[in-house]
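Asks: Just dropping this structure here.
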Amino acid sequence: MGMFDTVRFRYRMPDGVTGTDFQTDDLDCECEFYEISAEGRLLRWMGDGTRTDTCFDGMLTLSADDGYHLYFEHGT
16 MGMFDTVRFR
26 YRMPDGVTGT
36 DFQTDDLDCE
46 CEFYEISAEG
56 RLLRWMGDGT
66 RTDTCFDGML
76 TLSADDGYHL
86 YFEHGT
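Encoded structure:
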């Protein structure tokens, strides 16, 4: 069993999929939980329940039943 992180994307994907948790191995792969904000920012959930902006820059591959590539530039 591989290590991965979970990314929650509450918005509609181009193919109509909405409100799904995805897996990715493009981040720390430490079983952490992330969320993509309404502003398009990748936020990391912290142990105290707060979220912090990762300022992620690059391609993020998300997998569930289907796979998606999200592109971030300068954090969005």
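When we follow the working numbering, the leftmost residue of the sequence shown carries the number 16, and every step to the right adds one.
Using N, Cα and C, we set each Cβ at its ideal position, and we do this for glycine too.
Going by DSSP, name the residue or residues bridged to leucine 75.
Replies: Here residue 75 is taken as the residue at index 60 of the sequence shown, counted from 1. Note: leucine 75 sits in a beta bridge opposite Leu85.
Asks: Quick check: does the Cβ of tyrosine 26 come within less than 6 Å of any heavy atom belonging to the ligand ZN?
Replies: Looking for the ligand ZN in the displayed structure turns up nothing, as the structure carries no ligands at all.
Asks: By the three-class DSSP mapping on this structure, what secondary structure does arginine 25 have?
Replies: Position 10 of the sequence shown, counted from the first residue, corresponds to residue 25. If DSSP states are grouped into helix, strand and coil, arginine 25 belongs with coil.
Asks: When you compare each of Tyr26, Leu58, Pro29 and Thr35 to serine 78 by their alpha carbons, which one comes out closest?
Replies: On the sequence shown, residue 78 is found 63 positions in, with the first residue counted as 1. The residue with the shortest Cα to Cα distance from serine 78 is Thr35.
Asks: Please identify the residue among Phe19, Thr21 and Met28 whose C-alpha is closest to the C-alpha of aspartate 81.
Replies: For the purposes of this step, residue 81 is taken as the residue at position 66 of the sequence shown. Comparing Cα-Cα distances from aspartate 81 to each of Phe19, Thr21 and Met28, the minimum goes to Met28.
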